[in-house]
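Residue numbers (my numbering): 61 to 684.
If you want it as C-alpha cells, here you go:
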C-alpha cells in the first residue's frame, strides 16, 4: 500500500484499540494540532485526506497553543483512566518546544499522551531551515531533543522504514500502566511527505491489552506479614487506586480490616468522603484527622502513590512507621525502604483480602479496635469542620468551593471539578466532598499554571455526559486562557469559575513565609518609587473571557454565586462565572513543606523564617 509516511501514521493510529477487563475503546481518540511548515504538508495533508471531522477515523481538533493541547490530551487521558488519549502534532521549532511543559506534566503524572512534533529535513538538503537550531557540535541535534528527558519513549523517524517499529514501541509504552507517560515521535518534514510501500498488515485493527499484573507469591506473603504485625495501619490512597478502577476493592478492604484511609491529591475520592474510615487529605495540604493518624501509624500502606513531598510533608509526617507500598510500577513501590508489592492495585487488594488473617488462624485480621474507633471519631470531626468552613456568609475561597461543591453534588451526574495550581488545590484537597471517584480532577503532580481550561476541555471530551466545572485563578488564567476559544469552536460546553485574586495568592503567602515580602506576587502598576506598588492593574478578565466567545456572569456573594452557577450549568454553551473572593486567612497547614529559606539576610523577617525553617528541618528523615 503506497502512502506517505504521514498518511501511514494517521492510518495506523486510527486502528489502535486498548482493552482491559474485556472492554475495548479507541487508544488514540483524535489528533490535536497546530500546523506550520514542519507538519502541514505531512500530518496536515494526511488528516485532510482521511477527513478530519468528528466522525472520521482520527478526528482533528484545532488548538490555540501547543502546550495547551498536550494539557487537553492529559485531561482526556486522566478522565479515561489512562485507557485512551490524544495525539498532538506541531510544526518544528517553537511549536515543538511549546510541548515540553505538557510532556513533563504527562510523564510526572504517569499519563499517556502521544506527541508528533515536526522536525528538520532528514536529508539536510535545505539546512538550515526556518526555526532550525544549529548546534556546532553535531548536525544531529534539533530542538526536539528537549523532549527526550520528559518522554517515556522518544524516537526520530529519519526513514520511512523506521516507522513501523517506532509505532509499535510507542503504543506499547502508552498502554503500559507502569511505564506510561509522554511518548514522542519526531517527524522530519521531508520524511513525512515521502512515499513508501507499506505492508497492509500494518493497518489492521490492533488491540493492546492493558495488563493487570498479579502479585508475586513471595512478595504477597511478605506484605501479609507486614500487615498482620501492625496494630495502627494507615492506608495512603493515590491515583493508582482510581486508574485501576479499584475504589470498591479499597472500600471493602478498609472496612473488613478496620484500616483508616488518607488520600493524596490524585487519589482523592477513592473512598467516599463521608465514610467512617475516610480521614481525608494527607500531607502538607492534609487534614488534621489524616495527619494525626499518619504521625501515630506503625504501618503506612501506600496504594498507588508515588509519595511526593506534599504527601510525606517533606519526609516529616510519618514518624517511625514502616512502609508497605503497593504499586504497578516497581520504581514507586520501592520508595522509602518499604516492603514492596508490585502489582495492579485491584489484583493486589483482592489477593491481600484473601490472604490477610489466614496465616494466624483467624477468620479475618483487623487493626486495633481502639485505632479504628479513633479514626472514626476523627473522620466525624473532619466532616463537621468541612461543613463549618463552607458555611460563611462572605464569599471567601472556602465558601466559594463549598457553593461549587454543592452545585455539582446536586446534579444527577455529579459533575467534574478541574483545577491545577495556586491556593485552590490545597483548599480543594482539604475541603472538597467528591460525589464519586470521577468527580475530582486536580492536576498536582506538576502543579502547572495554565493547565485548568485546557485540561478541563480534555475532561469534557472524555466525559461529554457530565458537567465540567473548571476552577481557575487569575494567575493561571492569564497564562493560558485561549482554549476557551477552542471549546467554543468545537461546541464543547465548559463552566469556568474565574477567581480573581489580583495576583498570585498562593505564592504571595509562601513568599511572606520565607521572608521574601510578597515580591512579584500582586498585579500592581509600577509606582513612583520604582517598585511594583502602584495602583491595581487595569485588566478586565471578564471582558477578556467574553472576547474569547464565552458567555460571562458575575457573582459577588454566595447567593449570587449559587444563582450564576445554576444558570451556567443549565446553559448549553461555555460560560465563565467571574468572582472576586473576599481575602481571608486559610486554615493553618497541618504539616510542613520544605522550601529553603535564605541562610543569611539583612531582613528581620527572613532571619525569623530561617529560625523556623531550621527547627522544622530537624524533624526531617532523609531516609525513611
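Don't be surprised by glycine CBs; every beta carbon is placed ideally from N, CA and C.
For residue 479, the CB contacts under 7 Å within the same chain, skipping 5 residues up- and downstream, are 485, 488, 502, 512 and 531 in chain order. Beta-bridge pairing by DSSP links residue 295 to 321 and 361.
Just measuring C-alpha positions, the residue of 297, 155 and 222 sitting nearest residue 190 is 155. Comparing alpha carbon positions, the residue from 471, 125 and 108 closest to residue 118 is 108.
In the DSSP annotation of this structure, the continuous segment of the alpha helix (DSSP H) that includes residue 664 starts and ends at 664-677. Counting of Cβ neighbours within 10 angstroms places residue 391 among the exposed residues, the total staying below 16.
Taking a contact to require three or more Cβ pairs closer than 8 Å, the stretch 260-280 and the stretch 398-408 qualify as touching. As computed with DSSP, residue 615 is found in a beta bridge with 639. For a cut-off of 8 Å, the C-beta gap from residue 85 to residue 240 is around 16 Å, too long to register as a contact. A distance below 8 Å separates the beta carbons of residue 267 and residue 77. The beta carbon of residue 472 is closer than 7 Å to none in its chain, skipping five residues each way along the sequence. Under the three-state reduction of DSSP output, residue 88 falls in the strand class. In this structure the stretch 319-330 does not touch the stretch 454-468; the number of beta carbon pairs closer than 8 Å is below three. The three-state reading of DSSP puts residue 558 in strand, counting E and B together. Here the alpha carbon of residue 462 sits roughly 18 Å from the alpha carbon of residue 482.
Closest option to residue 273, judged by alpha-carbon separation, among 253, 409 and 216: 409. Distance from the Cα of residue 428 is smallest, within the candidate group 464, 340, 291 and 362, for 291.
For the beta strand (DSSP E) assignment, the uninterrupted runs of no fewer than 3 residues enclosed by the stretch 160-218 are, from N- to C-terminal side, 173-179 and 213-216. For residue 78, the enclosing beta strand (DSSP E) begins and ends at 76-80. Judged by beta-carbon spacing, residue 555 lies within the 8 Å limit of residue 527, meaning their Cβ atoms are closer than that value.
Assigned with DSSP and collapsed to three states, residue 382 falls in strand. Judged by beta-carbon spacing, residue 464 lies within the 8 Å limit of residue 625, meaning their Cβ atoms are closer than that value.
Secondary structure in the stretch 220-267: the beta strand (DSSP E) runs of 3 residues or longer, each lying completely within the stretch, are 242-248 and 255-257 in chain order. Within the model, the alpha-carbon separation for residue 435 versus residue 352 is close to 9 Å. DSSP, read as helix, strand or coil, puts residue 405 in helix. Between residue 212 and residue 246, the gap from beta carbon to beta carbon reaches 8 Å or more. Excluding its 5 nearest sequence neighbours in each direction, residue 594 has C-beta neighbours in its own chain below 7 Å: 584, 585, 586 and 587, listed in chain order. For residue 490, the enclosing alpha helix (DSSP H) has its first and last residue at 484-491.
CA-to-CA, the gap between residue 169 and residue 298 works out to about 11 Å.
Cβ-Cβ distances below 6 Å link residue 99 to 149, 151 and 178 in the same chain, with the five nearest sequence neighbours on each side left out; the list follows chain order. Secondary structure note for residue 128: its alpha helix (DSSP H) is the uninterrupted segment 126-139. As summarised for the stretch 522-552, the continuous beta strand (DSSP E) elements at least 3 residues long and confined to that stretch are 528-533, given in chain order.
Around the beta carbon of residue 80, a 10 Å sphere encloses 16 or more other beta carbons of the protein chains shown; the residue is thus reported as buried. Cβ neighbours of residue 393 within its own chain (closer than 6 Å, five residues either side excluded): 385, 387, 400 and 402.
A Cβ-Cβ distance of about 25 Å is found for the pair residue 181 and residue 92, leaving them out of contact under the 8 Å criterion. Taking all protein chains in view, the Cβ of residue 61 is surrounded by fewer than 16 other Cβ atoms within 10 Å, so the residue is classified as exposed.
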